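Every letter in the sequence shown is one number past the one before it in our numbering, and letter 107, counting from 1, is 795.
From the three backbone atoms N, C-alpha and C, an ideal C-beta is built for every residue, glycine too.
Please read all numbers here as calculations on a predicted model, not as lab measurements.
Notes for the one structure printed next.
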Amino acid sequence: MVLKYHPTPTDAAAADTGIQVFVGRVVHSKSLTELEILPHAAVGVKPDGTIAFVHAGSESPHDVKQQYEGFARASTTVLKRSQFLFPGMVDTHLHAPQWPNLALGMEGNLREWVENWTDPMEASYSDTAKARRVYADVVKTTLGLGSTTVAYNSSIHAEATNALADAALKAGQRAIVGKLCITTGSTRGNWEEGTEASLAASEKSVKHIRSIDPEGRLVHPCIQPRGGPYCPPALMKGLGDQRKQYGTHVQAHMCETPSDVSRMLQLHPGFDCYSAMYAAAGLLTPQTILAHCIHLQPQDIATLRQTKAGVAHNPNSNTCLRDGECRVRDLLEAGVKVGLGTDCSAGYMPSIMDAMRQASNVSRHLALHTGDEKYVLQFTEIVYLATMGGAQVVDMADRIGRFEKGLKFDALVVDVEGVVSADAGLWEEGVGDGLAMVKKWVFLGDDRTIKKVYVDGRLVGGKEA
């Protein structure tokens, strides 16, 4: 049965209530191994953006709405057969100030790239007007690419960081934002004048973000040391104390390259692995996001599992700068949370769709290099990492990542019509289970296929927004 919807005179009034029902094919992860595809479903959304029900069945929209209290007059969106509802994607690692450097500077290694491209660009955000201009574009573009939640790295400037948080809140994007802390090991003027100044600026941004979104509906502050080589022990301890005082998220880099690890050990004597240093500073919690985690020791993995800190896997940037290949399978088998990041601008494409593709490819290269097929990530797994996995890493799995009663409606309306090689037979009634549609989109789609983007039940982006 193909559901058809005919508007009624009550629809205009229903739209004013904020109560919504979405009818059509629904796709989301249930686990690493299970991708649920409901060919006929209805998702009810309350005015506060909370999912009231997920109804699987082929009844008419009118009949479905009659079954749920308060939804008889809900506004209704019926998806075309070539469309499906997909959870908003989670980008667990993106450097907002590096946005103008996308696709530039990838000829060198990580250290060369940082000194020649990143440091001068990040230092330029002492110009807060530039920050407002660039960050508005960052937020608009990432929303259009389906990233409803982004863990943003900022620069060392409190005012610019606050502008990033303002931009995300204004656009309706769910975001984690923190001021970057650097007092040593950097170049081109991209550092702060000591521990006290760095901590004061960090606290200023935390307070600002809490003031503009006191209930934490969308934007969340975080503590953000750039990494072990950039924050001496006193600063790292101060950031740990600040994290405990304000109960914030943490974002940091860890074990990106062998040089990164050795430089950290030199600056922080007395530790035998990277994670031990962060743990001693009080920076490893379930709200901690650690980018890269490529060159880990067994003790690092054990510590990540014990503290429930999460890993942001950035396959695009790790390939471009030749950092190495993150062993995602080892982390998953150890019970460590893993999500996907774009790592703009070391990663040239700020799209989690691209991150899924790159994660798949990197896992295959890892299997080639090691001779162990276990490292190959399956399709269900890369979708999971982009949605539920990312939600776990940012410690919001109780809010987002899938379609379930009580969670927030962060969602994409995806249309595969027009995707290369996507014949209309893929979505005809009774043809397959919809899996081919999803695969075509993940590997061949782009921003043009994302028609609508919802965060907290509000339409905030997409080609038809």
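Between the alpha carbons of residue i and residue j, how many angstroms are there, rounded?
| i | j | result |
| --- | --- | --- |
| Thr816 | Glu847 | 6 Å |
| His694 | Val752 | At His694, the pLDDT of 37 sits below 50, so the modelled position is not reliable; the number obtained from the coordinates is stated separately. Whole-angstrom Cα-Cα distance: 14 Å. |
| His941 | Thr705 | 44 Å |
| Arg993 | Val1141 | 33 Å |
| Trp1115 | Lys1151 | 21 Å |
| Gln861 | Ser1051 | 30 Å |
| Leu723 | Cys1032 | 28 Å |
| Leu887 | Thr836 | 29 Å |
| Pro957 | Ala990 | 21 Å |
| Gln987 | Leu972 | 14 Å |
| Asp1103 | Lys768 | 8 Å |
| Leu720 | Gly882 | 44 Å |
| Ala702 | Tyr756 | Unreliable positioning characterises Ala702 in this predicted model, as indicated by a pLDDT of 44, which lies under 50. The coordinate reading is nonetheless provided below. Whole-angstrom Cα-Cα distance: 15 Å. |
| Pro808 | Ala855 | 23 Å |
| Trp849 | Arg820 | The sequence shown places Thr at residue 849, rather than the Trp named in the question. Each residue's Cα considered, the two are about 9 Å apart. |
| Glu829 | Pro775 | Reading off the sequence, residue 829 comes out as Thr, not Glu. Looking at the two C-alpha atoms, the distance is approximately 18 Å. |
| Val1071 | Ser717 | 7 Å |
So what does DSSP say about residue i, is it helix, strand or coil?
| i | result |
| --- | --- |
| Met924 | helix |
| Phe1203 | Since the first and last residues shown for the chain are 689 and 1153, residue 1203 lies out of range. |
| Ala702 | Because Ala702 carries a pLDDT of 44, less than 50, the predicted location of this residue cannot be relied on, and no value is offered for it. |
| Asp1144 | coil |
| Phe1131 | helix |
| Val1064 | coil |
| Gln933 | helix |
| Gly1077 | helix |
| Cys919 | coil |
| Gly796 | coil |
| Gly1113 | helix |
| His1001 | strand |
| Ala885 | helix |
| Ile1138 | strand |
| Thr973 | coil |
| Ile1088 | coil |
Suppose contacts are defined by Cβ-Cβ distances below 8 Å. Is residue i in contact with residue j by that definition?
| i | j | result |
| --- | --- | --- |
| Met1076 | Arg1087 | no |
| Trp787 | Val827 | no |
| Ile1040 | Met777 | yes |
| Val711 | Ala740 | no |
| His980 | Cys1014 | yes |
| Val766 | Pro785 | no |
| Thr780 | Gly1029 | yes |
| Ile911 | Val1082 | no |
| Leu773 | Ala1124 | no |
| Gly1145 | Gly737 | yes |
| Tyr918 | Thr872 | yes |
| Pro1003 | Leu790 | no |
| Val709 | Gly732 | yes |
| Ile844 | Leu868 | yes |
| Asp1011 | Glu944 | yes |
| Asn878 | Glu810 | yes |
| Val1026 | His1001 | yes |
| Gly745 | Ile707 | no |
| Ile725 | Asp1121 | yes |
| Met924 | Pro913 | yes |
| Lys1127 | Phe1067 | yes |
I think residue i touches residue j, with their Cβ atoms under 8 Å apart; what is that distance to the nearest whole Å?
| i | j | result |
| --- | --- | --- |
| Asp901 | Leu852 | Actually they do not touch by this definition, with Cβ atoms about 13 Å apart. |
| Tyr962 | Val949 | 6 Å |
| Val838 | Ala863 | 5 Å |
| Leu782 | Gly1149 | Contact doesn't hold; Cβ gap of about 16 Å is too wide. |
| Ala1074 | Ala1043 | 7 Å |
| Val1101 | Leu1132 | No, Val1101 and Leu1132 are not in contact; Cβ-Cβ is about 17 Å, not under 8 Å. |
| Gly970 | Gly928 | 3 Å |
| Asn797 | Leu1009 | 6 Å |
| Gln930 | Ser890 | 6 Å |
| Leu1065 | Ala1047 | 6 Å |
Considering only DSSP beta bridges, list what residue i is partnered with.
| i | result |
| --- | --- |
| Leu782 | Tyr840 |
| Gln708 | Val733, Ser763 |
| Gly866 | Asn841 |
| Lys1025 | Gly998 |
| Met942 | His980 |
| Glu724 | His716 |
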